[in-house]
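Residue numbers (my numbering), protein chains in the order written: chain A, 349 to 807; chain B, 2 to 399.
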Amino acid sequence: MANSADNTSVAFVRKEMVEESAAPTRAVGLVAWLRGNLFSNWVDSIITLLILYVLYLIIPPLMNFAFFDAIWSGTDRAACTTEAQGGVREPDWFGGCWAYVDAYFNQFIYGRYPDAEQWRVNIVFVMFFGGLAPLLIPAVPFKQANIIFLSIVFPVASFVLLTGGNLHYTGFLLPNFIMEASATRFWVDYVIVTLIILAIGYGVSRGTDSDPGPMITMVLWIMGGLAVVLALFAIPFGLQPVETDRWGGLLVTLVIAITGIAVSLPIGIALALGRRSNMPIVKLFSVIFIEFWRGVPLITVLFMSSVMLPLFLPEGVHFDKLLRALIGVAMFSAAYMAEVVRGGLQAIPKGQYEGAMALGLGFGQMMRMIILPQALTLVIPGIVNTFIGLFKDTTLVLIIGLFDFLGQIQSSFTDPTWASPVQLVSGYMFAAFVYFCFCFGMSRYSAYMERRLDTGHKS
Amino acid sequence: MALQDVSQDVGQPKVALFNDPKVRGWVYQVVLLVVIVYLVVVGVQNMFANLAAQNIASGFGFIGRNAGFAISQSLLEYNQAESSYGKVYIVGLLNTISIAFIGILLATVLGFLIGIARLSHNFIVRGVATVYVEIFRNIPLLLHIFIWYFGVLRLLPHPRNSGDLGWLGLLNNRGWFAPKPLPQELFFITAIAFIVGIVVTIFISRWSRQRQAKTGQQFPVFWTGMGLILGLPVLVFLVTGLPLEFDYPVAGGFRPSGGMTVIPEFIAMLLALSTYTAAFIAEIVRAGIMAVNKGQTEASHALGLRHGPTLRLVIIPQAMRVIIPPLTSQYLNLTKNSSLAVAIAYPDLVSVFAGTALNQTGQAVEILGMTMLTYLGLSLLTAAFMNWYNAKMALVER
């Protein structure tokens, strides 16, 4: 290596840099992308061309039907039928009849809810979406107030708004010869029940040498709160009562799906804890409950709640059809929810339980403050997925004679005003579009939460 | 200060009876048990009172009675005038099982294809598969069924001008009229050849595995098996002189005569169930394949295995371990979802038994009980299989 300094004298060594030349056209740009992604070998090319041809067969007619040949306004079937069928379109016309969807739009959303009262439904929708949106966005503050609004204020307000409230209570405890059936008797009964609960609680506290103070405060809070809610249901706000058989469309779909998920979450948590409990009877009961509902199809559950449930109730007690469907749906989804929550509970490391116990927390405190907040956050995607499933499954209630969104569309096909060969296709296309928007939106949210919650390491 | 022995002072701490977790647990459980028993007893009492008030018979006596309604598809001999409710149950159950079985086959094939397509390096294949999955799983199954049944099959031509599928028979809005195979006398030899082919293939594959374990030599089991299972029966079939004839349907005014009918409800259910479930299976397959560590592929290539054997011997066996459990629950879902047949009156278990038979007899408790227990039984069987499979396939770790 002595003459490394004058190696520049070697003739075949370059002395200056070569000009940069452009990358070969086959390695960058459109051509490379096409070669890499569409035509990497001959099998690939054939498949690509085949799929392109199939897409060519499907997409232009679909676009024509949905947009270019579609009818956007009109008053009756004449707008959406060809001349031979009694309408105004040219002979081989085939397009979407959005005028029909527009004419029925109100029914698709509200069912047969009276026109003059639909503002009540609108307020409920606004309250729900207005309350939900900030809850779903992680950056928005005041989550606790938000949850209280959605879980307490919203259900009470929407119950009063949707049904009209003004319930009449007649009491449940004192027999008729002491006091006639009236609202007063109900409240007397209520106070008696509260006192009985307080007495039992006090007795237990004294028997176990513990301070009855917190227990009494808690019972009073719960019973007081419940009394306020019940009183709100009974106050005559002057709203016209609307029977549930007039409800329909998207309203029923959302009521069933949201009530189902809201009721099933607490039951599901209780069942999940029960299934992991080491008390044999509780565990057995939870396992049987969960496996039973998960093992049968929803439609048989709905049949059961609509046909069998009335048989188990004492004579004179009638549940309305929607409430029966709600009970069936809630039981069914509680079982699925329990399995989702159980997954979350299992994912919490044992150290968290042991740490909580070492701090001297009781079972309730440990669950409330340490385990459930972590477990439930982990299973948010699972809960959303259960909700998507439930949202799609609400369509089944049309089989037991409730008019949900799909049921309302299905029933609109019998109307001769809009009868045309394209009515069915237009109706189903609209239904598919609406369901797709809801479900796809939710599944995107679930995927987003999954990415957000992914810590990059599995425990 | 000297140390003091305090051990005598620390005896068992005195705990109030109710604060003892064990006692408390039992108290809770007894309370729960009492509440449940109370609810059940009250419910059953109410039920008997209500049944008596409504003059509804109870008990399973109705099983033997004549049902007296027609069923549009039956795998067994079903006679409207004579067959009993028990027969209705069996016919419905067989219809459920048949749609579930064929649906599962189709959904699996379609689902695996789409799942693999979602991992393709071909942009357009990947895109189409993604769009398929997102569209199909985000639309309710009932809407799928309605679209197929009311939207597609109703638009097929009237029986008077049925679509001619050539040797596949006729297609119109009353269903698919397929040629009916009529096996002749010597056909049983072909059937035997088929069974022999399967049995011999099983033996060969076992032998070849043992030989490979011993000597490392491989044997083309797949092609031999195909030859034995398909080739042998075809050969026998040809040798015995084509002992199979077909009864072709003939177009008629009201409905084609001859052949065998596949009712449109069956076709609609089958298409809806299999395309819907395929979207879920595709996601499971994709997740399963992606769950296999990339190092496995690299290690396999490093050992000198090519792409095909890598996939067959390394990736797929490991992916299957992830795929099978959710796949089984999708099969179960498909079976349970087949109960939606009631919406378009395909005669499955729910439709004929929990629908028509229930309406006729009014015995909701017995009939719904039987129906639910049947589905529950199917679920538990599947769950048992899954547990067995998981135990068999579980990674044996140190």
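A virtual CB, placed ideally from N, CA and C, is assigned to each residue, including glycine. For clarity, every value in this text was computed on a predicted model and none was experimentally measured.
- Annotation for M685 (chain A): the continuous alpha helix (DSSP H) segment containing it runs K669 to A695.
- Annotation: the continuous alpha helix (DSSP H) that includes G384 (chain A) extends over G377 to N385.
- For G608 (chain A), not one C-beta of chain B is nearer than 8 Å to its own C-beta.
- Rounded to whole angstroms, the separation of the alpha carbons of A706 (chain A) and K631 (chain A) is 25 Å.
- The beta carbon of Y90 (chain B) sits closer than 6 Å to those of F354, all from its chain and outside the five residues before and after it, given in chain order.
- The alpha carbon of R425 (chain A) has as its nearest neighbour, out of A:F786, A:L772 and A:G712, the alpha carbon of A:L772.
- Bounds of any beta strand (DSSP E) do not take in V501 (chain A), whose DSSP letter is neither H nor E.
- Sorting A:L674, A:F633, A:E663 and A:P662 by C-alpha distance to the C-alpha of M652 (chain A) places A:L674 at the top.
- Inter-residue distance for T648 (chain A) and L369 (chain B) is about 7 Å (C-alpha atoms, whole angstroms).
- Assignment of beta strand (DSSP E) within the region 119-201 of chain B, counting only whole runs of 3 or more residues, yields 171-173, 176-179 and 181-184 in chain order.
- Short of 7 Å from the beta carbon of T762 (chain A), and not among the five residues preceding or following it, lies no beta carbon of its own chain.
- Setting aside the 5 residues that flank it on each side, T225 (chain B) is surrounded in the same chain by T202 and I205, each with a C-beta closer than 8 Å to its C-beta; the list follows chain order.
- Unbroken alpha helix (DSSP H) runs of no fewer than 4 residues, entirely contained in the region 313-350 of chain B, are found at 317-338, following chain order.
- No Cβ of chain B is located within less than 8 Å of the beta carbon of S768 (chain A).
- Neighbours of N51 (chain B) in chain A, taken as residues at a C-beta separation under 9 Å, are given in chain order as P658, L659, F660, L661, P662 and E663.
- For D450 (chain A), the enclosing alpha helix (DSSP H) begins and ends at W446 to Y458.
- Counting other Cβ atoms within 10 Å of its Cβ, H145 (chain B) reaches 16 or more and is therefore classed as buried.
- A Cβ-Cβ separation of about 13 Å leaves A575 (chain A) out of contact with A531 (chain A) under the 8 Å criterion.
- For C787 (chain A), the chain B residues whose C-beta falls within less than 7 Å of its own C-beta are N139, listed in chain order.
- Of the candidates B:S330, B:P265, B:Q319 and B:L333, the residue whose Cα lies closest to the Cα of I345 (chain B) is B:P265.
- For S258 (chain B), DSSP records a beta bridge to B:V251.
- For P560 (chain A), no chain B residue has a Cβ inside 8 Å of its Cβ, as the nearest lies near 13 Å away.
- Of all residues in the region 370-384 of chain B, only T372, M373, Y376, L377, S380 and L381 place a beta-carbon less than 7 Å from a beta-carbon of chain A.
- Excluding its 5 nearest sequence neighbours in each direction, F281 (chain B) has C-beta neighbours in its own chain below 7 Å: R138 and Q331, listed in chain order.
- About 11 Å separates the beta carbons of L483 (chain A) and I496 (chain A), which is beyond the 8 Å limit, so they are not a contact pair.
- Around the beta-carbon of C785 (chain A), fewer than 16 other beta-carbon atoms lie within 10 Å, marking it exposed.
- Residue environment: T607 (chain A) is assigned as buried (16 or more neighbouring CB atoms within 10 Å of its CB, all protein chains considered).
- Note that the region 234-243 of chain B does not touch the region 324-341 of chain B; fewer than 3 beta-carbon pairs, one per stretch, sit closer than 8 Å.
- The beta carbon of K295 (chain B) sits no closer than 8 Å to any beta carbon of chain A.
- The shortest C-alpha to C-alpha distance from V197 (chain B) to any of B:P180, B:P250, B:Y390 and B:V237 is the one to B:V237.
- Straight through space, the alpha carbons of R533 (chain A) and S380 (chain B) are spaced by roughly 49 Å.
- The residues L120, in chain order, have a CB closer than 8 Å to that of M291 (chain B) in the same chain once the five nearest residues on each side in sequence are set aside.
- Neighbours of G26 (chain B) across chain A, judged by C-beta separation under 9 Å: S625, N626, M627 and V630.
- Within the region 56-82 of chain B, not one residue has a Cβ closer than 8 Å to any Cβ of chain A.
- The beta-carbon of G730 (chain A) is placed no less than 8 Å from the nearest beta-carbon of chain B.
- Look at G643 (chain A): its C-beta is under 8 Å from a C-beta on chain B.
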